[in-house]
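Asks:
Residue numbers (the working numbering): 30 to 360.
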């Protein structure tokens, strides 16, 4: 199995949480790492690898990252790189891990090291592309590394670092070019279309993002994350009814995702369908009881429906949840 296969499946969701809130950005940064455990478990048993091989340490890094053991994951990726410095996937995994550590610890050094690791991953993918320019996977992985580097730069404000907007946009534009090359070589590369849509979304090019998501859905009709992200983009363009339909498609496949229910509630609320919106927020809260934004928007829906008492009680709950989240972040 291609050693980067799991990254292709995981990193497609690295931008799936697109909502405001005290922990949403941090969740966005960690989500690709948090999901790695599922993909790593699909690999051959890690014990099948010799501990003196890079793949052994690479897969160990995936599993450790997936369980939240980021320090140990970093050491495993670093060991893989020591054995094979051309292992682009290990550089990429190390970059994601360092990014998670830097934002959880507010550590500027680890932040800078994560950018260096992203640059090394991009360099290694460039070498692979030079060796075989018709390999769509290498173009795709390069796109992932470029876009994740840009996302890291975008979130630098969490460390009180000024954001180099022009340079960040350049990385996103380069990511689009890499995805373009991947889909030119393999027009059926659904994840490349989907991630290209994510970059367009981040850049505020919502119509282009919808077109890319549609391409992914055309190839894989039951692609819940593409439907979900299409819903987010439709919501941005004011097409709320279509957004709800897209969210429903996603929820059919992933019914226990709080963010999907939350954003469906937002689209319903934007249409004035407050009862339905409240039901969606309730679903989100059932799945994530400390979802402060869902509590708050449920309160707004109550308020607009004329239920002042219920609105105030719900707003109080939202404030309480926000304080709990801030306390956890502080600890």
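Heads up, the beta-carbon is just placed ideally off N, CA and C, and yes, glycines get one too.
Between the alpha carbons of residue 351 and residue 179, how many angstroms are there, rounded?
Replies: If you number the chain shown from 1, residue 351 lands on position 322. If you number the chain shown from 1, residue 179 lands on position 150. Answer to the nearest angstrom: the Cα atoms are 28 Å apart.
Asks: Could you give the uninterrupted runs of the alpha helix (DSSP H) lying entirely in the segment 276 to 336, keeping only those of 4 residues or more?
Replies: 287 to 299, 303 to 316 and 321 to 333
Asks: To the nearest angstrom, how far is the alpha carbon of residue 149 from that of residue 108?
Replies: Within the chain shown, numbered from 1, the residue matching residue 149 stands at position 120. Within the chain shown, numbered from 1, the residue matching residue 108 stands at position 79. So the two alpha carbons sit approximately 15 Å from each other.
Asks: Would you call the CB atoms of residue 330 and residue 306 closer than 8 Å?
Replies: For this step, residue 330 is matched to residue 301 along the chain shown. For this step, residue 306 is matched to residue 277 along the chain shown. It is a contact, given that the beta carbons lie within the stated cut-off.
Asks: So, helix, strand or coil for residue 162, using DSSP?
Replies: By 1-based counting over the chain shown, the position of residue 162 is 133. Coil, per DSSP.
Asks: Using the Cα positions of residue 70 and residue 241, report the straight-line distance between them to the nearest angstrom.
Replies: Numbered from its first residue, the chain shown carries residue 70 at position 41. Numbered from its first residue, the chain shown carries residue 241 at position 212. Low confidence applies here, because residue 70 scores a pLDDT of 42, under 50, leaving its location unreliable and the question unanswered by this model.
Asks: Can we say the segment 201 to 216 touches the segment 253 to 261, given the rule of at least three CB pairs closer than 8 Å?
Replies: no
Asks: For residue 280 versus residue 293, is the C-beta distance shorter than 8 Å?
Replies: Sequence index remark: in the chain shown, residue 280 carries index 251 (1-based). Sequence index remark: in the chain shown, residue 293 carries index 264 (1-based). Yes, the Cβ-Cβ distance between residue 280 and residue 293 is below 8 Å.
Asks: Where does residue 229 sit, in a helix, a strand or coil, going by DSSP?
Replies: Here residue 229 is taken as the residue at index 200 of the chain shown, counted from 1. It is helical.
Asks: Say yes only if the C-beta of residue 297 is nearer than 7 Å to one or more non-hydrogen atoms of the ligand ATP, and no if none qualify.
Replies: This structure lacks the ligand ATP; in fact it carries no ligand of any kind.
Asks: Tell me the DSSP secondary structure of residue 252 in three-state form.
Replies: Here residue 252 is taken as the residue at index 223 of the chain shown, counted from 1. Looking at residue 252 - three-state DSSP - the assignment turns out to be coil, as it is neither helix nor strand.
Asks: Specify the secondary structure class of residue 220 as computed by DSSP and reduced to three states.
Replies: Sequence index remark: in the chain shown, residue 220 carries index 191 (1-based). Residue 220 falls in the helix class under three-state DSSP.
Asks: Go ahead and pull the three-state DSSP assignment for residue 191.
Replies: Position 162 of the chain shown holds residue 191. Coil, per DSSP.
Asks: For residue 158 and residue 340, I'd like the C-alpha separation in whole angstroms.
Replies: Here the question's residue 158 lines up with position 129 in the chain shown. Here the question's residue 340 lines up with position 311 in the chain shown. Roughly 56 Å between the two C-alpha positions.
Asks: Return helix, strand or coil for residue 136, following the three-state DSSP convention.
Replies: The residue you call residue 136 lines up with position 107 of the chain shown. Of the three classes helix, strand and coil, the one that applies to residue 136 here is coil, per DSSP.
Asks: With burial defined as no fewer than 16 other Cβ atoms inside 10 Å of the residue's Cβ, what is the status of residue 35: buried or exposed?
Replies: Your numbering for residue 35 matches position 6 in the chain shown. Bear in mind that the predicted position of residue 35 carries a pLDDT of just 35, short of 50, making it unreliable; the figure below should be weighed with that in mind. Flag for residue 35 reads buried.
Asks: Determine the extent of the alpha helix (DSSP H) in which residue 95 is found, giving its start and end residues.
Replies: Working through the chain shown from its first residue, we reach residue 95 at position 66. Here the alpha helix (DSSP H) through residue 95 covers 83 to 95.
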